[in-house]
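As structure tokens, the structure follows; a few thoughts come after it.
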Amino acid sequence: MMAFLNHRRICKIALLCCVFLLIGGYAYSETITGKDFDSSKIPNIQKGVTTASQLLELFGEPVNNPARGDISSWQYSFKKIENCNGVNTVLSKKELWITIVDKIAVDYKYTEEPNKAGCQKNK
Numbered sequence: 015m016m017a018f019l020n021h022r023r024i025c026k027i028a029l030l031c032c033v034f035l036l037i038g039g040y041a042y043s044e045t046i047t048g049k050d051f052d053s054s055k056i057p058n059i060q061k062g063v064t065t066a067s068q069l070l071e072l073f074g075e076p077v078n079n080p081a082r083g084d085i086s087s088w089q090y091s092f093k094k095i096e097n098c099n100g101v102n103t104v105l106s107k108k109e110l111w112i113t114i115v116d117k118i119a120v121d122y123k124y125t126e127e128p129n130k131a132g133c134q135k136n137k
């Protein structure tokens, strides 16, 4: 008799868990780091010509700009991460580093990861 009651209790708990999962769906969240910037403006950067003021007009304030004397590296970065049921997926990522010497852009590097399909949100 006692084993039957324990079995019945386990079945009730399992049924409640299933109902909770069906009603609750799945866990979803989105995280954005950095600040989005218009990557179509990157061709406007002319090495040895574009000034720091012009860069501010094109992209706004960098998210990071460490300096060493007259040399600084400005970083613009953006990353969108999706979390579905504890699994993180980077949906999009782009990063622009600009080396500035005496307030003139002397070099830059741009990287971008293609957009990835994530899980479907509950609607």
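FYI, the numbering for the sequence shown is 15 to 137, going by the working numbering.
Ideal Cβ placement from N, Cα and C applies to all residues, glycine included.
None of the values given here were measured: they were computed from a predicted structure.
Using alpha carbons as the reference points, say which of the options lies closest to residue i.
i, options, result
"Tyr122", "Lys130, Thr113, Asn129", "Thr113"
"Glu109", "Ala81, Lys49, Thr45", "Lys49"
"Leu72", "Ser53, Trp111, Thr45, Phe92", "Ser53"
Just the Cα atoms here: how many angstroms apart are residue i and residue j?
i, j, result
"Val63", "Val120", "8 Å"
"Asn129", "Trp111", "20 Å"
Should residue i go down as buried or exposed, given a rule of 16 or more other Cβ atoms within 10 Å for buried?
i, result
"Lys117", "exposed"
"Pro57", "exposed"
"Tyr9", "A query on residue 9 cannot be resolved here, the shown segment of the chain reaching from 15 to 137 and no further."
"Gly83", "exposed"
"Ile27", "exposed"
Since residue i and residue j should fall inside the 8 Å C-beta cutoff, what is the C-beta to C-beta distance between them, to a whole number of angstroms?
i, j, result
"Asn97", "Ser43", "5 Å"
What residues in its chain sit with their C-beta under 8 Å from that of residue i, if we drop five residues either side in the sequence?
i, result
"Asn1", "In the structure as shown, the chain begins at 15 and stops at 137. Residue 1 is therefore absent and cannot be evaluated."
"Gln60", "Ala119"
Output needed for residue i: all residues of its chain with C-beta closer than 6 Å, excluding positions within five of it in sequence on either side, in chain order.
i, result
"Lys137", "Per-residue confidence for Lys137 stands at a pLDDT of 39, beneath the threshold of 50, marking its modelled position as unreliable; the derived number appears in the next sentence. Same-chain partners within the cutoff: there are none."
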